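What follows is a single structure, written as structure tokens, with notes after it.
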Amino acid sequence: MDILATGMGWINHTPGGLNRYFADYLEAMAATGHTVRGLVTAHGEDIAAPAYIRDVLDKPERLSTLARTRAFRARAKAELLRHQPDVFNPHFALYSSMVTRDMVPAHIPIVTHFHGPWAQESLVEDAGLDWGQKVRYQLKKNVELLSYRRSDHFIVLSQYFRDILTRDYGVPGEAVHIVPGAPDIERFRPADNREELRRALGLKPGAKVLFAARRLVNRMGIDNLIRAMAAVVHAEPDTVLYIAGDGALRGHLQDLIDQQGLGGAVKLLGRVSNEDLVRWYQAADLSIVPTVTLEGFGLVTVESLACGTPVLGTPYGGTKEILERLSPELLFDDHKPASIAARIISALNGSSFVPGRRACREFVLANYTWEKAAAAISGIFEQAVQEKEKGAVYERSVL
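Heads up: the sequence shown at position 349 corresponds to 349 in UniProt numbering, and the numbers run straight through without jumps.
Given below as structure tokens:
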């Protein structure tokens, strides 16, 4: 099957959950035997990407959001004319919004990957509801609705996102398919020599190492985790939290660390390489996912588990759906600092259940692999193609 997919950025150029998924997804679909073409933007800069990935810009230039969206439209149109795919597969509403239904031949189904409510995420990050924010929210919501109304089927990573898509965007439930994401199990795997790795990272012998890999933005709850560390360090003095990631809140979070007197117990690593991300997962005793809202899946959760490192997380969205299958004791009661601290302390002192490293790895191998995901997605694409062959006429009414 020939698949034309539009994404957002390329993972080696612009880190992020959607970009990581897009890269791994296309690799898995190609390995399954499909012919794939993926459109992204890295602002025309050189990227280390497979031959099936194309930047929509031909030369390095910084364009406005509207100009980038137009570039996606032009490149998608050219690809559709050059060789018609069996399926058109958008992954980001904004960059696919100008690829109209009349550009995609009627016999080609549009199957959209829904990675989250873009407008709602922006509203959470704005942390307010002034007039300008309301206008921006509605504009983004309209772009999403415009993109989604032309889709035949949708793929989501969790029941949580399925509920958002049906409730907030008016998409019928029968058009939405849940296919959980997956880590690269060859890359995210337990360390051959964990103690040697910990020494190489400069970790103190006997230290209890916590690790969180998150964008430093409001909805990720990193501020709550930092506040929780005061109680954690009081109860377990040898505990150190390392936070990988960057974002608008980095300065604020560093100020919070200093104000709490946690300079020796909480370290902001900034953006880390893909290789170092694996090393930190492998070295940590626990990974922490403190997201407050809109956690559609939690790729970081299954990446850590694949490395053998247990995860503690907030009881919301995709994090809850993953961890409660492994053990409900891995979930905080809520996202408040006191709840986060209590669960971390009980995990560290052995008073609550924490699965072993082998059990964590086996849980991922049994439930979250790209082999399983690619097979499920292939089935959805085949269903969509067969419906078109039978002459099914699809109209979405979500506006």
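From the three backbone atoms N, C-alpha and C, an ideal C-beta is built for every residue, glycine too. All values derive from a computational prediction rather than experimental measurement.
Residues in its own chain within less than 8 Å of residue i by CB, not counting five upstream and five downstream?
i           : result
residue 403 : Not covered by the structure: residue 403. The range shown for the chain is 1 to 399.
Ile257      : Ile226, Gly263, Val266, Leu268
Ser397      : Residue placement at Ser397 cannot be trusted, given a pLDDT of 38 that sits under 50; the coordinates are not used to answer.
Phe154      : Val111, Thr112, His113, Phe114, Tyr148, Leu165, Val171, Ala175, Val176, His177
Leu197      : Ala191, Arg279, Gln282, Ala283
Between residue i and the rest of its own chain, which residues show a CB-CB distance below 6 Å, the 5 nearest in sequence each way excluded?
i           : result
Gln260      : Ala230
Glu395      : Its pLDDT being 47, under 50, Glu395 is placed unreliably by the model, and nothing is read from it.
Ile108      : Phe88
Ala374      : Ala28, Met29, Thr32
residue 455 : Limits of the chain in this structure are 1 at one end and 399 at the other, which puts residue 455 out of reach.
Phe332      : Thr314, Ser339, Ile340, Arg343
Tyr242      : Phe211, Lys267, Leu269
Arg68       : Thr41
Leu323      : Gly313, Leu330, Leu331
Ala228      : Pro337, Ile340, Ala341
Where does residue i land, buried or exposed, given buried means 16+ other C-beta within 10 angstroms?
i      : result
Gln386 : exposed
Gly116 : buried
Leu94  : buried
Gly350 : exposed
Glu144 : buried
Gly7   : buried
Glu321 : buried
Ala78  : exposed
Asn193 : exposed
Arg73  : buried
Leu4   : buried
Ala119 : buried
Relative to the C-alpha of residue i, which candidate in the options has its C-alpha closest?
i           : options                        : result
Ser304      : Pro190, Ala200, Gly379         : Pro190
Arg199      : Lys141, Gly270, Ala119, Trp280 : Trp280
Val56       : His335, Thr239, Ala76          : Ala76
Leu81       : Phe92, Arg68, His91, Met103    : Met103
Ala28       : Ala244, Glu382, Ala207, Ser378 : Ser378
residue 400 : Gly44, Thr65, Ala67, Ala49     : The structure shown does not extend to residue 400, since the chain spans only 1 to 399, so no value can be given for it.
Asp152      : Gly391, Ala384, Lys390         : Ala384
Gly170      : Arg194, Asn142, Asn193         : Asn142
His13       : Pro60, Leu197, Ile3, Arg167    : Pro60
Ala306      : Arg167, Ser287, Pro15, Gly317  : Ser287
Quick one: measure Cβ to Cβ for residue i and residue j, integer angstroms, because I've assumed they're closer than 8 Å.
i      : j      : result
Val111 : Met1   : About 11 Å separates the two Cβ atoms, so there is no contact after all.
Val364 : Val302 : 6 Å
Thr41  : Ala71  : 7 Å
Ala23  : Ile11  : 5 Å
Tyr52  : Gly33  : Actually they are not in contact, since the Cβ atoms of Tyr52 and Gly33 sit about 13 Å apart, beyond 8 Å.
Arg271 : Asp255 : Incorrect: roughly 19 Å between the Cβ atoms, too far for contact.
Ser64  : Ser97  : About 15 Å; that fails the 8 Å criterion.
Glu236 : Ile345 : 6 Å
Leu203 : Ala106 : With 8 Å as the limit, Leu203 and Ala106 do not qualify as a contact, their Cβ atoms being about 59 Å apart.
His91  : His113 : 5 Å
Residues in the same chain with beta-carbon distance under 7 Å from residue i, minus the five sequence neighbours each way, listed in chain order, please.
i      : result
Leu399 : Its pLDDT being 34, under 50, Leu399 is placed unreliably in this model, and the coordinates cannot settle the point.
Val124 : Asn218, Arg219, Thr293, Leu294
Gly206 : Asp238
Val354 : Pro310, Ala347
Leu277 : Ala213, Ala244
His335 : Gly221, Asn224, Pro290, Val292, Thr314
Arg136 : Ser122
Ala376 : Val179
Arg62  : His43
Can you tell me whether residue i sits near the ligand NAP, meaning its C-beta is under 6 Å from at least one heavy atom of the ligand?
i     : result
Ala71 : With respect to small molecules bound, the structure shown includes none, and the ligand NAP cannot be examined in it.
Report yes or no: is there a C-beta of chain C within less than 7 Å of the C-beta of residue i?
i      : result
Ser287 : No chain C appears in this structure, which consists of one protein chain only.
Between the stretch 178–196 and the stretch 366–373, can you find at least three pairs of beta-carbon atoms closer than 8 Å?
The stretch 366–373 is in contact with the stretch 178–196.
Counting Cβ pairs, one atom from each stretch, are 3 or more of them under 8 Å apart for the stretch 157–166 and the stretch 291–298?
Because the criterion of three Cβ pairs below 8 Å is met, the stretch 157–166 and the stretch 291–298 touch.
Say whether the stretch 352–361 touches the stretch 246–255, bearing in mind that this needs 3 or more beta-carbon pairs closer than 8 Å, one atom from each stretch.
Taking a cut-off of 8 Å for Cβ pairs, the stretch 352–361 and the stretch 246–255 do not touch, as fewer than three such pairs fall below it.
Check whether the stretch 322–330 touches the stretch 198–212, counting contact only when three or more Cβ pairs, one atom from each stretch, lie closer than 8 Å.
The stretch 322–330 vs the stretch 198–212: no contact.
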